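Q: Count the sequence shown with full-length UniProt numbering and you get residues 1 to 373, in order.
The C-beta atom is built at its ideal place from N, Cα and C for all residues, glycine as well.
Just so you know, these numbers come straight off a predicted model, no measurement behind them.
Got a structure for you, questions after.
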Amino acid sequence: MMKSRIILLLSIIFLGSYGCSENEEAGEEQTQSDPDTEIPTETGEIYFPGTGTSTWETTSLDELGWNSQAETALYQLLDEKNTKAFIILKDGKIAIEKYFGSFTTDSIWYWASAGKTLTSFTVGIAQEQGLLNLNEPSSKYLGEGWTSMTAEEEGEITIRNQLTMTSGLRNNLLIFSCTDPDCLKYEAEPGTRWSYHNGPYTLLQDVIANAADTPFITYFNAQLRDKIGMNGIWIPNGDNNTFYSTARGMARFGLLNLNNGIWNDETILGDASYLTEMKTKSQDLNESYGYLWWLNGQDSHMGTATQEIFSGELLPNAPADTYAGLGKNDQKLYVVPSEGLVIVRLGEDAGENQLGPSSFDNQLWERISALIN
């Protein structure tokens, strides 16, 4: 009930703020927007929609040479699994955009932990601007006493540990999202234990805010959101800070990552080393985790709930170079550089109530692969 009220309220705010639907933008806004652009790359051209307009170029399955006979089966699975919005971009252009029930291009939804990728990208911007360094102790920006550990133990935790889920802080379902010092206790030496833990992650936003000497949301909007024309808003929810946007808003962020931090001709994040590290193995504990992104193509992977290590790659049915933002109730953002793909799925839980990866990922990729191959 609370979630529904938040979404209803945000829908009203979005309509008031943007003034027009995704399908009908005010003429004044269109004239002030950046034009649609195609950027040459090594593998072809990537199209970018303008930042102040709803216009978004499309391409057809026939033009792409995709298997249109697989489209119906894909939609059936999406519908059966409580999907609200689904988008496939091919080289930036919309190949598929499907909404279910009363959901539309203007409807907003929560990203859940897929929003961790936004924070990861923003950390990279802050480091590139010289505001922080991943190897610095988190206490430099959070202050001493942000945990209940000794000063020496606390000082061993770095920003990099927060980015990679290797803080070594004690974690269980009762304190999973808690950011109070009483909840943040020593479990293991930083860097020696991987544990999916919301509390230390959420505090990364305080690290950014203190490093930039400005509220996190203000910094995020100015440095990332507004530059790519992405709608969306962070909403506090207990100890968590949850991002809400339209499906197209998520697709814009995916497109930015597909083009390695460059939007049109503007570099949003130009630190090539950080961009590479963000979407490659960040430690040897969970090989399928980068800087808050989930990674495919690795020899093993872990889930969000246990310390068990599973053999094999995370998404066997997806291309090996796929990396993803994965959130509770199957909020999904996939980026596939080798195929020029960005894929968005928003909706209700597909059936397993997972905080990140679920079996739905492979089910979905089985249908996607049948479509694009």
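#1: Less than 7 Å between C-beta atoms, sequence neighbours within five positions excluded: which residues of the same chain meet that for Ile208?
#2: Once DSSP output is grouped into helix, strand and coil, what is the label at Ile108?
#3: Just list the residues that DSSP pairs Lys98 with in beta bridges.
#4: Can at least three beta-carbon pairs, one atom from the region 343-358 and one from the region 71-91, be found at a separation below 8 Å?
#5: Hey, would you say Leu174 sits closer than 8 Å to Glu187, going by beta carbons?
#6: Any idea what DSSP makes of Glu153, helix, strand or coil?
#7: Can you tell me where the alpha helix (DSSP H) with Pro236 in it begins and where it stops?
#8: Among all the DSSP beta bridges, which residues are the ones paired with Leu255?
#9: Counting pairs of Cβ atoms below 8 Å between the region 308-320 and the region 135-146, do you hit three or more?
#10: Is Gln331 helix, strand or coil by DSSP?
#11: DSSP on Phe121, reduced to helix/strand/coil?
#12: Which one of Thr242, Leu256 and Trp365 has the shortest CA to CA distance from Ile108?
#13: Beta carbon of Thr105, beta carbon of Tyr196: below 8 Å?
#14: By how many angstroms is the C-alpha of Glu287 removed from the C-alpha of Asp361?
#15: Give me, in chain order, the residues of the same chain whose beta-carbon lies closer than 7 Å to that of residue 381; leave out the 5 immediate sequence neighbours on both sides.
#16: With a Cβ-Cβ cutoff of 8 Å, do Pro181 and Gly238 count as a contact?
#17: Helix, strand or coil, according to DSSP, for Ser113 in the structure here?
#18: Going by DSSP, what residue range makes up the beta strand (DSSP E) through Leu346?
#19: Measuring CA to CA, which of Thr276, Asp321 and Asp284 is closest to Leu295?
#20: Could you compute how far the alpha carbon of Gln71 sits from the alpha carbon of Ser148?
#21: Within the continuous beta strand (DSSP E) that includes Phe176, where are the two ends?
#22: Of the choices Arg367, Leu326, Thr119 and Glu152, whose alpha-carbon is the least far from that of Gly356?
#23: Around the C-beta of Ser68, are 16 or more other C-beta atoms found within 10 angstroms, so that it is buried, or is it exposed?
#24: Would you kindly work out how many angstroms separate the C-alpha atoms of Gln363 and Tyr289, rounded to a whole number?
#25: Below 8 Å on the Cβ atoms is my contact criterion, and I expect Trp293 with Tyr274 to pass it. Report the Cβ-Cβ distance as a whole number of Å.
#26: On a Cα-Cα basis, can you pick out the residue from Leu256, Asn240 and Gly270 that is closest to Met230?
#27: Going by other Cβ atoms of all chains shown within 10 Å of its Cβ, with 16 needed for buried, is Trp365 buried or exposed?
#28: Taking the alpha-carbon positions, what's the Asn210 to Thr51 distance?
#29: Rounded to the nearest angstrom, how far is the Cβ of Leu134 from that of Thr119, given a contact under 8 Å?
#30: Kindly list the residues whose CB is nearer than 7 Å to the CB of Thr179, restricted to its own chain and excluding five residues on each side of it in sequence; keep chain order.
#31: Are there 16 or more other CB atoms within 10 angstroms of the CB of Gln76, so buried, or fewer, so exposed?
#32: My understanding is that Leu258 touches Pro337, with C-beta atoms under 8 Å, so please give their C-beta distance in whole angstroms.
#33: So Glu339 packs on Ile372, CB below 8 Å; how close in whole Å?
#34: Go through its chain and collect everything with a Cβ distance to Ala350's Cβ below 7 Å, but skip five positions before and after it.
#35: Label Glu352 either buried or exposed according to how many other C-beta atoms from any shown protein chain fall within 10 Å of its C-beta, with 16 as the threshold for buried.
#36: Using alpha carbons as the reference points, say which of Leu74, Arg193, Ser177 and Thr150 lies closest to Asn161.
A: If we stick to the structure as given:
#1: Thr122, Val123, Ala126, Phe216 and Tyr219
#2: coil
#3: Phe86
#4: yes
#5: no
#6: Helix at Glu153.
#7: Here Pro236 belongs to no alpha helix (DSSP H); instead the beta strand (DSSP E) covers Ile233 to Asn237.
#8: Leu255 pairs with nothing; no bridge assigned.
#9: no
#10: strand
#11: helix
#12: Thr242
#13: no
#14: If you draw a straight line from the Cα of Asp361 to the Cα of Glu287, it is about 18 Å long.
#15: Because the chain spans 1 through 373 in this model, residue 381 falls outside it and cannot be assessed.
#16: no
#17: helix
#18: Leu341 to Gly347
#19: Asp321
#20: Looking at the sequence shown, residue 71 is not Gln but Glu. Their backbone Cα atoms lie some 53 Å apart in a straight line.
#21: No beta strand (DSSP E) holds Phe176; DSSP gives it neither H nor E.
#22: Leu326
#23: Counting the other Cβ atoms within 10 Å of the Cβ of Ser68 gives fewer than 16, which makes it exposed.
#24: 21 Å
#25: Incorrect: roughly 12 Å between the Cβ atoms, too far for contact.
#26: Leu256
#27: buried
#28: 29 Å
#29: Going by Cβ atoms, the distance from Leu134 to Thr119 rounds to 13 Å, so no, they are not a contact pair.
#30: Gly199, Thr202, Leu203 and Asp239
#31: So Gln76 counts as exposed.
#32: 6 Å
#33: 7 Å
#34: Lys81, Asn82, Asp330, Ser358 and Phe360
#35: exposed
#36: That would be Arg193, whose Cα lies nearest to the Cα of Asn161.
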